[in-house]
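Heads up: the sequence lines are chains Z and E, in that order.
Every letter in the first sequence is one number past the one before it in numbering that gives the first Met the number 0, and letter 12, counting from 1, is 11.
Every letter in the second sequence is one number past the one before it in numbering that gives the first Met the number 0, and letter 52, counting from 1, is 51.
The beta-carbon is built from N, C-alpha and C at its ideal position, and this holds for glycine as well.
Beneath this line is the structure, given in structure tokens, with notes to follow.
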Amino acid sequence: MLLTAVVIVLREVLEAALLISILSGLSGVLGLRRHWIGWALAAGTAGAVTLGASIDTVSGWFDGVGQEVTSAGMQVVIYLLLGVFILMVILRRQRTVVRDRTLLTVMATTVALAMTREGFEVLVYISGFVMNLPQLMTVMVGTLIGSGIGISVGALLYYLLVNLRQPWSQVSGIGLLILVASGLASQAALLLIQADWLPSQLPIWDTSAVIAEDSVTGQLLYAMIGYEATPTAIQAGCYIGGGLLLLAVALVAALRGRSRRGNE
Amino acid sequence: MKTFLHRVIRLSILAGSGLAPVVFPADRPEFQLEIHNHLFQPSEITVPANTRIRLLVTNSDPTPEEFESYELNREKVIMGSRAGVIFVGPLAPGEYPFFGEFHPKTAQGRLIAR
């Protein structure tokens, strides 16, 4: 019971914690204020409560696949916001005017959406035990432990990131965001496959013998880079295509700045 | 930007919901599972291999459960006293374990593709 609670909560918290730590690490590196995190956490909690409370209705949408479609929609929006964020960070380096406020809003929205998606599941899980006080206590202790581990891993990544030398901290922060975004693109595809909105195929490979998805490494890689042991071609295509698209955006923006500086 | 994003989201939802039934007809063979006292009934279910199926999971418990399977790459919350649809496969012949993530000690099952 306790272990189950720890694992469930950790899995959900980890994804959001990694995203928050990369973005707050980049905020520090870019000299931005970090008050957006408070807003994002508040909005994310409100979002998770709202989605958790209305999941019955949401699940019924689109002939019973509303849960998948809503979740995939959120993943796609987070992917797009991360793309916009990466572009703005690079343009800002080139002294193109990018309002700090816009940058902070994009980060806050991204984190709030990620928390909504991950948090609602934890709330639904806990809600199953409200009628049973002893079990509820165990689940709450598990929730605290799971959140604690997730937040610690996030903090570790944060300090690794901010202690790198410039420009490596920015480059690795953006690199990590691209990996996270690729994972989101492939997860969105998987959800739409599950909803029967995208055609399903047999997996193109199986690496579960090397890294099992339910192992600690597998879980960590899943949260970080969207690791999947048995992806289908559509998922792999979305992962690689989604990653290359953001990489191209980042490179074009960076090179444009360099050539402009050369002309001056 | 905001209105553009809104428009894109609305258009894609419209396109998706309009096209989905046309491109992917809903005549998938249906199989049913029930969750009762945090157990899957039946706990073993045989389905045709290389076929996409529609799995209807009914949760008869008052508490929520999450159908989960690493082997099937599926994950879905099913609230108490509700049912959920999960499309699975096509699967290569073999055994695919699944479990209820909220009660993994008892809620265990296997899907056998033949």
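Quick check: is the beta carbon of residue 193 of chain Z nearer than 7 Å to any beta carbon in chain E?
Start at 1 with the first residue of the first sequence, and residue 193 of chain Z comes out as number 194. Among the residues facing chain E, residue 193 of chain Z is included, as its CB has a counterpart in that chain under 7 Å away.
Where DSSP assigns a beta bridge to residue 58 of chain E, which residues make up the other side?
Your numbering for residue 58 of chain E matches position 59 in the second sequence. DSSP, once it has assigned bridges, lists E/34, E/81 as partnering residue 58 of chain E.
Whose C-alpha, out of E/113, E/58, E/49, is nearest the C-alpha of residue 31 of chain E?
If you number the second sequence from 1, residue 31 of chain E lands on position 32. Cα-wise, what sits closest to residue 31 of chain E is E/58.
Excluding the 5 residues flanking residue 76 of chain E on each side, which residues of the same chain have their C-beta closer than 7 Å to its C-beta?
Locating residue 76 of chain E in the second sequence gives position 77, where the first residue counts as 1. Within the same chain, residue 76 of chain E has close Cβ partners 63, 65.
Best match in Z/207, Z/203, Z/4 for proximity to residue 102 of chain E [C-alpha to C-alpha]
Translated into the one-based positions of the second sequence, residue 102 of chain E becomes position 103. Comparing Cα positions, the closest option is Z/4.
Helix, strand or coil: how does DSSP classify residue 68 of chain E here?
As a working mapping, residue 68 of chain E is identified with position 69 in the second sequence. Residue 68 of chain E falls in the strand class under three-state DSSP.
For residue 232 of chain Z, is the classification buried or exposed, using 16 other Cβ atoms within 10 angstroms of its Cβ as the cut-off for buried?
For the purposes of this step, residue 232 of chain Z is taken as residue 233 along the first sequence, with counting starting at 1. Residue 232 of chain Z comes out exposed.
From Z/178, Z/173, Z/29, Z/110, pick the residue whose C-alpha is nearest to that of residue 98 of chain Z; which is it?
Residue 98 of chain Z sits at position 99 when you count from the first residue of the first sequence. Among Z/178, Z/173, Z/29, Z/110, the Cα nearest to that of residue 98 of chain Z belongs to Z/29.
For a quick check, are the C-beta atoms of residue 77 of chain Z and residue 172 of chain Z less than 7 Å apart?
By one-based count along the first sequence, residue 77 of chain Z stands at place 78. By one-based count along the first sequence, residue 172 of chain Z stands at place 173. No, the pair does not count as a contact, with Cβ atoms beyond the cut-off.
Could you tell me the distance, in whole angstroms, from the CA atom of residue 189 of chain Z to the CA atom of residue 212 of chain Z?
Here residue 189 of chain Z refers to the residue found at position 190 of the first sequence. Here residue 212 of chain Z refers to the residue found at position 213 of the first sequence. Their Cα atoms are separated by approximately 15 Å.
Assign residue 73 of chain E to one of three DSSP states: helix, strand, or coil.
Looking up residue 73 of chain E in the second sequence gives position 74. It is a strand residue.
List the residues of chain Z whose Cβ lies closer than 7 Å to the Cβ of residue 62 of chain E, in chain order.
Here residue 62 of chain E refers to the residue found at position 63 of the second sequence. Here the neighbours are 127.
At which residues does the alpha helix (DSSP H) containing residue 142 of chain Z begin and terminate?
Here the question's residue 142 of chain Z lines up with position 143 in the first sequence. From DSSP, the alpha helix (DSSP H) with residue 142 of chain Z extends over 132 to 161.
Buried versus exposed, by CB contacts within 10 Å (16 or more), residue 168 of chain Z
As a first step, residue 168 of chain Z must be located in the first sequence, where it is residue number 169. Buried is the call here.
Selected residue, minimal CA-CA separation from residue 251 of chain Z, among Z/216, Z/82, Z/9:
Sequence index remark: in the first sequence, residue 251 of chain Z carries index 252 (1-based). Ranking Z/216, Z/82, Z/9 by Cα distance to residue 251 of chain Z puts Z/82 first.
Contact list for the segment 89 to 110 of chain E against chain Z, Cβ threshold 7 Å:
89, 91, 100, 101, 103
So which of E/105, E/81, E/113, E/104 has the shortest CA-CA distance to residue 93 of chain E?
Start at 1 with the first residue of the second sequence, and residue 93 of chain E comes out as number 94. The shortest Cα separation from residue 93 of chain E among E/105, E/81, E/113, E/104 belongs to E/113.
Burial state of residue 183 of chain Z (16 or more Cβ within 10 Å):
By one-based count along the first sequence, residue 183 of chain Z stands at place 184. By the neighbour-count rule (16 or more Cβ atoms within 10 Å), residue 183 of chain Z is buried.
How would you list, in chain order, the residues of chain Z whose beta-carbon sits under 9 Å from the beta-carbon of residue 36 of chain E?
Along the second sequence, read from residue 1 onward, the residue named residue 36 of chain E stands at position 37. Under the 9 Å cutoff, chain Z gives no residues; its nearest Cβ is about 13 Å from residue 36 of chain E.
Per-residue burial, residue 158 of chain Z [other beta carbons within 10 Å of its own, 16 or more giving buried]:
What you label residue 158 of chain Z is simply residue 159 of the first sequence in a count that begins at 1. Exposed, by the Cβ-count rule.
How about residue 113 of chain Z and residue 47 of chain Z: do their beta carbons lie closer than 7 Å?
Counting from 1 along the first sequence, the entry for residue 113 of chain Z is found at position 114. Counting from 1 along the first sequence, the entry for residue 47 of chain Z is found at position 48. Result no, Cβ atoms of residue 113 of chain Z and residue 47 of chain Z do not sit closer than 7 Å.
Residues of the segment 3 to 33 of chain Z in Cβ contact with chain E at a cutoff of 7 Å, in chain order, please.
Residues 3, 7.
Should residue 117 of chain Z be flagged as near chain E, meaning a C-beta pair shorter than 7 Å?
Within the first sequence, residue 117 of chain Z is the residue found at index 118, counting from 1. No, its Cβ sits nowhere closer than 7 Å to a Cβ of chain E.
Any C-beta of chain E sitting closer than 7 Å to the C-beta of residue 238 of chain Z?
Taking the first sequence and counting its residues from 1, one reaches residue 238 of chain Z at position 239. No - not a single Cβ of chain E is within 7 Å of the one on residue 238 of chain Z.
Amino acids of chain E, ordered along the chain, whose beta-carbon sits closer than 7 Å to that of residue 66 of chain Z
Locating residue 66 of chain Z in the first sequence gives position 67, where the first residue counts as 1. In chain order: 75, 76.
Contact list for residue 51 of chain E against chain Z, beta-carbon separation under 8 Å
What you label residue 51 of chain E is simply residue 52 of the second sequence in a count that begins at 1. The contacting residues are 195, 199.
Neighbourhood of residue 79 of chain E by C-beta distance below 7 Å, restricted to the same chain and skipping five residues each side:
Counted from its first residue, the second sequence places residue 79 of chain E at position 80. Answer for residue 79 of chain E: 58, 60, 61, 62, 63, listed in chain order.
Report yes or no: do three or more beta-carbon pairs, one from the segment 134 to 147 of chain Z and one from the segment 46 to 64 of chain Z, lie closer than 8 Å?
no
Report buried or exposed for residue 26 of chain Z, applying the criterion of at least 16 other Cβ atoms within 10 angstroms of its Cβ.
The residue you call residue 26 of chain Z lines up with position 27 of the first sequence. It is buried - the Cβ of residue 26 of chain Z has at least 16 other Cβ atoms within 10 Å.
For the ligand NAD, any of its heavy atoms closer than 6 Å to the Cβ of residue 199 of chain Z?
Of ligands this structure carries none, so the ligand NAD is not represented either.
With a threshold of 7 Å between beta-carbons, can residue 57 of chain Z be considered close to chain E, or not?
Here residue 57 of chain Z refers to the residue found at position 58 of the first sequence. No, residue 57 of chain Z lies away from the interface with chain E (no Cβ there is under 7 Å from its Cβ).
Who are the near neighbours of residue 35 of chain E in its chain, counting only those whose CB is closer than 6 Å to its CB and skipping five residues on each side?
The residue given as residue 35 of chain E occupies position 36 in the second sequence. If we look at residue 35 of chain E and ignore the five residues flanking it on each side, its Cβ neighbours are 59.
What do you get for residue 177 of chain Z, buried or exposed, if any count of 16 or more other CB atoms within 10 angstroms of its CB means buried?
Here the question's residue 177 of chain Z lines up with position 178 in the first sequence. Buried, since its Cβ has 16 or more Cβ neighbours within 10 Å.
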